[in-house]
Amino acid sequence: MTPHPTGDLGDESQQFGLLVNSVTDYAIYMLDPRGVIRTWNPGGERIKGYRKDEVVGTNYARFYTPEDIATDVPARNLAIAANEGRYAGEGWRLRKDGSRFHASVVIDPVRVDGVLVGFAKITRDVTERYLAQEQLRSAQHELLQAQKMEAIGKLTLGLAHDFNNLLSVVTNCLDLISAQPHGEVSDKYIRTALRSVERGALLTRQLLTFGRGHELAPERFDTGKAIRDMHDMLQRSAGDAVAVELDVAGDLPSVNLDRGQLDSAILNLVCNSRDAMPSGGCIKITVRLQTERHPDDPHQEPGRFLCITVADNGEGIAPDDQARIFEPFFTTKTVGRGSGLGLSQVFGFTSQSGGFIRVDSTPGSGTSVALYYPVAE
Ligand SMILES: Nc1ncnc2c1ncn2[C@@H]1O[C@H](COP(=O)(O)OP(=O)(O)OP(=O)(O)O)[C@@H](O)[C@H]1O
Ligand SMILES: [Mg+2]
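According to the working numbering, the sequence shown is numbered sequentially starting from 1260.
If you want it as structure tokens, here you go:
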């Protein structure tokens, strides 16, 4: 459309045409009642990448994703606009080059003498805003999660210290009693009590680890060899129905870690995988050197991490549970089968060692837990 020859903006319809054709931030176009594109503007070309001659005469459903087309979203949106007087929404759409953008869409029905003759459609590319909001949401979620774990850690640490002291007193008293002359029956009771105290001490040690109050004893060792040495023990713990496979990269650098805690962490992961595969399956342990950015320190340069992944093809973790698995005493197992402290130990030890954990789980198809430990440079 060209301006009026005298240089003014011409009559109202010419002015309107000029307006629509000058807008490049919004795709503004008309559809017929079935969704076939009738007009196009530079905004449409800029946002979606199609020239006018490529789209006019084709159905607007081409901008929708295959998932939306499969569920008839394009026709449904037109029906909403026709029946309710307007459709407004946001969603992913496709550009000509196949890339996706997040669109804010408004569709208004156009009626002449009460008869639906088409739709006016306005689309805006809000991808940047959408991604920024998503990022903010996930950062807030992570912060909340970290604060929660911190709070539970403090509480746990306090409790564990107190229990440790109480248990020491009980152990000492039992030792004193057993040193006195006593009969066979008392001996049985003393042994039962000592066993319970030992069990209690184990639990409090795990709680201390979770609260990062356990004094670590780091040492430099060859992790590849350490994990290969554990293979037999892990296979025995997993049982006959579950195969434990190792895939350890050669030439792994040494790390500075508490070896006993690392062994416990891997054993805890293997036991969890075993429990998730009651009718058998495969646990694959992979050890690799990886360059990563620490998630708690995203501004830091990426560094080298030893990555130990324990993956199974078990029942997976329900999405609602995934945020809670590291909490002490969170368990989905029946009483006596699990105390909910295994992953708390893994979490406490790994974060106290400067590392981090990534969990990837799909209900019904399996879980993979990856432990990252900084490499001692
Ligand atoms: N590989 C896995 N597959 C499926 N669910 C898992 C897996 N690992 C952990 N979970 C879930 O996370 C929960 C917490 O695990 P965690 O190891 O902390 O405790 P637990 O195994 O229940 O008890 P404990 O380890 O103290 O014997 C488990 O009860 C289970 O629901
Ligand atoms: Mg466990």
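Note that CB positions come from ideal geometry on N, CA and C, so glycine has one too.
If you're wondering where the values come from, they're calculated on a predicted model, not measured in any experiment.
Please report the residue range of the alpha helix (DSSP H) in which Asn-1221 lies.
For residue 1221 there is no data in the structure shown, the boundaries of the chain being 1260 and 1636.
Tell me, to the nearest whole angstrom, how far the beta carbon of Gly-1483 is from that of Val-1507; I am working on the premise that it is less than 8 Å.
5 Å
Can you grab the Cα-Cα spacing for the pair Ser-1427 / Thr-1386, in whole Å?
60 Å
State buried or exposed for Val-1374, treating a residue as buried only when at least 16 other CB atoms are found within 10 Å of its CB.
exposed
So, does the stretch 1575–1582 touch the stretch 1513–1526, judging by three or more C-beta pairs under 8 Å?
no
In whole angstroms, give me the CA-to-CA distance for Asn-1531 and Ala-1334.
47 Å
Using beta-carbon positions only, say whether Leu-1461 and Ala-1419 come within less than 8 Å of one another.
no
So the candidates are Gly-1539, Val-1364 and Tyr-1346; which of them puts its Cα closest to the Cα of Ala-1286?
Val-1364
Cα-Cα separation between Leu-1600 and Asn-1431, rounded to whole angstroms:
26 Å
So Gly-1540 packs on Asp-1499, CB below 8 Å; how close in whole Å?
About 12 Å separates the two Cβ atoms, so there is no contact after all.
Pick helix, strand or coil for Asn-1300, following the three-state DSSP scheme.
coil
If we call anything under 8 Å between Cβ atoms a contact, is Ala-1379 one with Met-1289?
yes
Looking at the unbroken alpha helix (DSSP H) that takes in Thr-1468, where does it start and where does it end?
1443–1469
Heavy atom of ligand 1 less than 7 Å from the Cβ of Ala-1535, yes or no?
yes
Ordered list of alpha helix (DSSP H) runs contained in the stretch 1519–1573, each at least 4 residues
none
Taking buried to mean at least 16 other C-beta atoms within 10 Å of its own C-beta, is Ser-1612 buried or exposed?
buried
Cβ-based burial, Tyr-1448 [other Cβ within 10 Å; buried from 16]:
exposed
Take Ser-1627 and list the residues in its own chain whose beta-carbon comes closer than 8 Å to its own, dropping the five residues that flank it on each side.
Thr-1568, Val-1569, Ala-1570, Asp-1571, Val-1618, Asp-1619 and Ser-1620
Taking just the CA atoms, how far does Gly-1276 sit from Met-1260?
The predicted position of Met-1260 is uncertain, since its pLDDT is 48 and thus under 50; a value taken from the coordinates is nonetheless stated next. Rounded to whole angstroms, Met-1260 to Gly-1276 spans 7 Å at the Cα level.
Thr-1463 burial status per 10 Å Cβ neighbour count (16 or more: buried)
buried
Let me check understanding here. Comparing Cα to Cα, which of Pro-1368, Glu-1349 and Asp-1446 lies closest to Glu-1343?
Pro-1368
CB Thr-1330 to CB Ile-1296, shorter than 8 Å?
no
Is it the case that the CB of Gly-1614 approaches a heavy atom of ligand 2 more closely than 7 Å?
no
Taking the alpha carbon of Val-1634 as the point to measure from, which residue in Ala-1405, Gly-1597 and Phe-1564 has its own alpha carbon closest?
Phe-1564
Just to check, is the beta-carbon of Phe-1589 closer than 7 Å to a non-hydrogen atom of ligand 1?
yes
Inter-residue spacing [alpha-carbon to alpha-carbon] between Ser-1523 and Val-1605
8 Å
Which parts of the stretch 1295–1348 are runs of the alpha helix (DSSP H), unbroken and 4 residues or longer, counting only runs that do not cross its ends?
1301–1307, 1311–1314, 1325–1329 and 1332–1343
Could you have a look at Lys-1484 and say whether DSSP puts it in helix, strand or coil?
helix
Compute the Euclidean distance between the alpha carbons of Tyr-1319 and Gly-1294, then round it to the nearest angstrom.
6 Å
Would you say the beta carbon of Lys-1592 is closer than 7 Å to some non-hydrogen atom of ligand 1?
yes
Along the chain, where does the alpha helix (DSSP H) that runs through Leu-1602 open and close?
1601–1611
In terms of residue numbering, what span does the beta strand (DSSP E) encompassing Phe-1360 cover?
1359–1371
Short Cβ contact (8 Å threshold) for Ile-1542 with Met-1489
no
Flag Lys-1355 as yes if its beta-carbon sits less than 8 Å from any beta-carbon of chain D, otherwise no.
Although the question refers to chain D, the structure presented lacks it and comprises just one protein chain.
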